[in-house]
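Line by line, the protein sequences give chains A and B. Number 153 in this note's numbering belongs to position 47 of the first sequence; there are no gaps in the numbering. Number 222 in this note's numbering belongs to position 219 of the second sequence; there are no gaps in the numbering. Each remark here refers to the structure printed beneath this line.
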Amino acid sequence: MSGTFVGMPAFPAAAHEAVRNPTLRGNLRHATHTIRAKREKAVAEVSDWAQLREAGRRIKDHTLRHLDRYLVQLEESVTAAGGTVHWAVDADEANRIVADLVKATGESEVVKVKSMATQEIGLNEALEAEGIRAYETDLAELIVQLCEDRPSHILVPAIHRNRGEIRDIFVREMGEWGRPAPEGLTDTPAELAEAARLHLREKFLRAKVGISGANFMVAETGTLVVVESEGNGRMCLTLPETLISVVGIEKIVPAWRDLEVFLQTLPRSSTAERMNPYTSMWTGTADEDGPQNFHLVLIDNGRTDTLADEVGRQALRCIRCSACLNVCPVYERAGGHAYGSVYPGPIGAILSPQLRGTASEIDASLPYASSLCGACYEVCPVAIDIPEVLVHLRERVVAGGQVTRNGNKVLLKPAKGHAAERAAMRAARWAFAHPGALRGGQRLASRTRRFHPRTLPGPGRAWSGSRDLPPVPSEPFRDWWQRTHGGKDGAK
Amino acid sequence: MRVALFLTCVNDTLYPDTGRAVVKLLTRLGVEVDFPMAQTCCGQAHYNTGYRREAEPLARHFSDVFGEYEAIVTPSGSCGAMVRELYPRMGARARAEGRGSTLATALAAVVPKTYELTEFLVDVLGVTDVGAYYPHRVTYHPTCHGLRGLGLGDRPRRLLEAVKGLELVELPGADECCGFGGTFALKNSDVSAAMGADKVRNAESTGAEVLCAADNSCLMHIGGTMTRLRTGMRPVHIAEILASTEEEPAL
Ligand code: SF4
Chain A
107 MSGTFVGMPA
117 FPAAAHEAVR
127 NPTLRGNLRH
137 ATHTIRAKRE
147 KAVAEVSDWA
157 QLREAGRRIK
167 DHTLRHLDRY
177 LVQLEESVTA
187 AGGTVHWAVD
197 ADEANRIVAD
207 LVKATGESEV
217 VKVKSMATQE
227 IGLNEALEAE
237 GIRAYETDLA
247 ELIVQLCEDR
257 PSHILVPAIH
267 RNRGEIRDIF
277 VREMGEWGRP
287 APEGLTDTPA
297 ELAEAARLHL
307 REKFLRAKVG
317 ISGANFMVAE
327 TGTLVVVESE
337 GNGRMCLTLP
347 ETLISVVGIE
357 KIVPAWRDLE
367 VFLQTLPRSS
377 TAERMNPYTS
387 MWTGTADEDG
397 PQNFHLVLID
407 NGRTDTLADE
417 VGRQALRCIR
427 CSACLNVCPV
437 YERAGGHAYG
447 SVYPGPIGAI
457 LSPQLRGTAS
467 EIDASLPYAS
477 SLCGACYEVC
487 PVAIDIPEVL
497 VHLRERVVAG
507 GQVTRNGNKV
517 LLKPAKGHAA
527 ERAAMRAARW
537 AFAHPGALRG
547 GQRLASRTRR
557 FHPRTLPGPG
567 RAWSGSRDLP
577 PVPSEPFRDW
587 WQRTHGGKDG
597 AK
Chain B
4 MRVALFLTCV
14 NDTLYPDTGR
24 AVVKLLTRLG
34 VEVDFPMAQT
44 CCGQAHYNTG
54 YRREAEPLAR
64 HFSDVFGEYE
74 AIVTPSGSCG
84 AMVRELYPRM
94 GARARAEGRG
104 STLATALAAV
114 VPKTYELTEF
124 LVDVLGVTDV
134 GAYYPHRVTY
144 HPTCHGLRGL
154 GLGDRPRRLL
164 EAVKGLELVE
174 LPGADECCGF
184 GGTFALKNSD
194 VSAAMGADKV
204 RNAESTGAEV
214 LCAADNSCLM
224 HIGGTMTRLR
234 TGMRPVHIAE
244 ILASTEEEPA
254 L
């Protein structure tokens, strides 16, 4: 994935700062709770939500099972419609393909409609290295780009910023990137939107090359689909002469008909709208209408390896609605940056360690960035059992096992730093398998109870730093039972 | 009816009062309770931390100890969810890994017989008024595994509403996780503590004297936060409320 995230500290360390930042927590809490309540209402309006969810799950599972066939079909239909398909196995290859395509047009500027795939591969940085400037045109992406920040939410990348902060960013930075912010800009939403509109219009009208992502690709017709709220995306898709769409291979659906399901579940899950304001669809090229050159860059970047994992592959069903982020109590406190990836929140916690592997500190810690409360699974419109995958990936971290990397089966060793925990788990298993030993331990704890501290040394400090331990009772239950009911139930 | 009490290792070791309350309550309702002394732990902490293979012998031990009983009752939503939700998964994985189907068969036998306490009361015994008396202002926290894992629904609330003298008050953000999550509380203690503090603040805002839940692990986390934040509120397991009577009132 993107080079920008290399060397991130593990999740707990990254979250440590965020938890202590009251502005950030306030912004996040306000935004997620507002959208959470709205989503609930929008979903409740649909009487067959459960069926839609199940249909979405099935369509995606079927597609993933036959991904090879549908991708070939997609390539054929896109080519037949006048487009060109490129295949990229990883981020470097994808970036090289896009940079070469842009250079071939002779341009040094491109406009972009929000695309997670291009963030995943670090396209903007790669283009910059080739002397090409990429302008983000999604409003929130623009904010993030202007202040050289990183997105912290799938749908609302600037969710961690409030209006006052955004005004300051506009005033300070817009001039550097193009048309400056108007004099005397205030922080009212209408004025902020107008400033962004003026700034972006200039870029749209100048741009010869547009780069987009896609929410869906229809194999049957070769059609790509972008759903958005602002209309900026549509400008990117229709005004330039050359359009380059960079899309993950899992974004495919077999037929036009399948969109019926997702165009209902996606907007309600993400923005709590019955229908998103702009749904743009394009199929290859058309004479004198829209871009005259169309390139589709299909990226793998770890997806085929993920597909090889029976439990983990369900993460590829994700339609990036961000509902799981908005209900996640951990995301709400830790913020999106702590996840070290363009995919934050619960979905990021299972997607990143699969796409990138679990070798780095951040990727090995992500499967633990959850209390397994299950709220994410409950809201997911394609029924991804995120807790199940989290536990599965925890097993990979502590026990190793077979995984697929670049198409080859490799045996992973257990991650470092879990030796003490593993020993403790084994000891606990032994004690639990020998009830006598467990009882001995309980009795010892009871007898020494007056000496027990209310705070703990060592790793236990993590607990007692903010919570008090319960006192050890004078008699464990089993001793009480033995004393009072001893004759009735012989100890086995 | 004769049932086995699966008390769970946490209750046994740290919260024996919960076990005594369950025995008292079920006996009052005419149920014969056994406590198989060989029981230990369901293996949830192992399983959820990624030590699935370490959890397997514990699951097998569970099925050995409890297999012969007609019904198994536990006062813990999360251990109940471990048996009902995750044991089938463990059996299936063992089979898929070519280790035969004996584990799957053994686990499948105990799964449908295992009930969380409030489920057992409402679904099996068919009672919501258990004759309890508890004259306090109480707010109820539905724990995640009880709520989403087992789907306890409004069973605990219905039981509480029927308790004489009890005033049940709504907990804001009730279905949000308290932040315990087993080893999560240690591995991500900052986030866990922040979640706990929010839960306690919400509980405080209700003006209740008692926060009640059907799981002592969550209550340990919430209670530990309550004393640290000096709220004066008390965490109480639902079994103790339901066991409390006018003759023998719980504190
Ligand atoms: S995992 Fe589910 S809820 Fe989360 S973004 Fe993807 S589709 Fe939406």
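From the three backbone atoms N, C-alpha and C, an ideal C-beta is built for every residue, glycine too. Remember, it's a predicted structure, so these values are computed and weren't measured experimentally.
Closer than 6 Å: S258/A CB and nearest ligand 1 heavy atom: no
Any non-hydrogen atom of ligand 1 closer than 6 Å to I141/A Cβ: no
When N219/B, H224/B and L128/B are compared against N14/B, the one with the closest alpha-carbon: N219/B
Residues that Y90/B bridges to, as DSSP identifies them: Partner(s): none; Y90/B has no beta bridge.
Distance, K166/A Cα to T590/A Cα: 58 Å
Beta-bridge pairing of C215/B - partner residues as DSSP gives them: Y143/B and V239/B
Helix, strand or coil at T129/A according to DSSP, with G and I counted as helix: helix
Test item: CB-CB of E308/A and R273/A under 7 Å: no
L171/B - DSSP class collapsed to helix/strand/coil: strand
Assigned secondary structure, F9/B (DSSP; H/G/I helix, E/B strand, else coil): coil
Same chain, Cβ closer than 7 Å to T389/A, five either side skipped, listed in chain order: A187, T327, G328 and T329
7 Å Cβ cutoff, M85/B in contact with chain A: no
Local Cβ density within 10 Å of G316/A, reported as buried at 16 or more and exposed below that: buried
G184/B: contacting residues in chain A (beta-carbon distance under 8 Å): S476, S477, L478 and C479
Contact the stretch 33-40 of chain B vs the stretch 51-62 of chain B: 3+ CB pairs below 8 Å: no
C-beta neighbour in chain B for A121/A, strict 7 Å: yes
C-beta neighbour in chain A for Y3/B, strict 7 Å: Past the boundaries of the shown model lies residue 3/B; chain B is included only from 4 to 254, so the question cannot be answered.
Secondary structure of G227/B, DSSP reduced to three states: helix
C-beta contact flag for V324/A and V353/A at 7 Å: no
Runs of alpha helix (DSSP H) lying entirely within the stretch 387-458 of chain A, each at least 4 residues, in chain order: 409-413, 429-433 and 435-440
Nearest neighbour of S477/A, chosen from T186/B, R231/B and A246/B [CA to CA]: T186/B
C-beta neighbour in chain B for S258/A, strict 7 Å: no
Beta carbon proximity, G22/B to chain A, threshold 7 Å: yes
Three-state secondary structure assigned by DSSP to V324/A: strand
Beta-carbon contacts of V488/A that lie in its chain and below 8 Å, excluding the five residues immediately before and after: R159, G162, R163, K166, T371, R423, C424 and I425
Which of helix, strand or coil DSSP assigns to H540/A: coil
Collapsed DSSP secondary structure at E242/A in the structure displayed: strand
Where S66/B falls, given that 16 or more other Cβ within 10 Å makes a residue buried: buried
Short-range partners of chain B found in the stretch 483-506 of chain A, where Cβ spacing is below 7 Å: E484, V497, R500, E501, V503, V504 and A505
Minimum C-alpha distance to G546/A - residue among R511/A, Q508/A, D585/A and A530/A: D585/A
For T464/A, the three-state DSSP class (helix, strand or coil): coil
Where N514/A falls: helix, strand or coil (DSSP): strand
CB contact below 7 Å: N205/B versus chain A: no
Status (buried if at least 16 other CB within 10 Å, exposed otherwise) for M114/A: buried
The stretch 182-201 of chain A / the stretch 259-279 of chain A touching (three or more Cβ pairs under 8 Å): no
Cβ neighbour criterion (16 or more within 10 Å) applied to K190/B: buried
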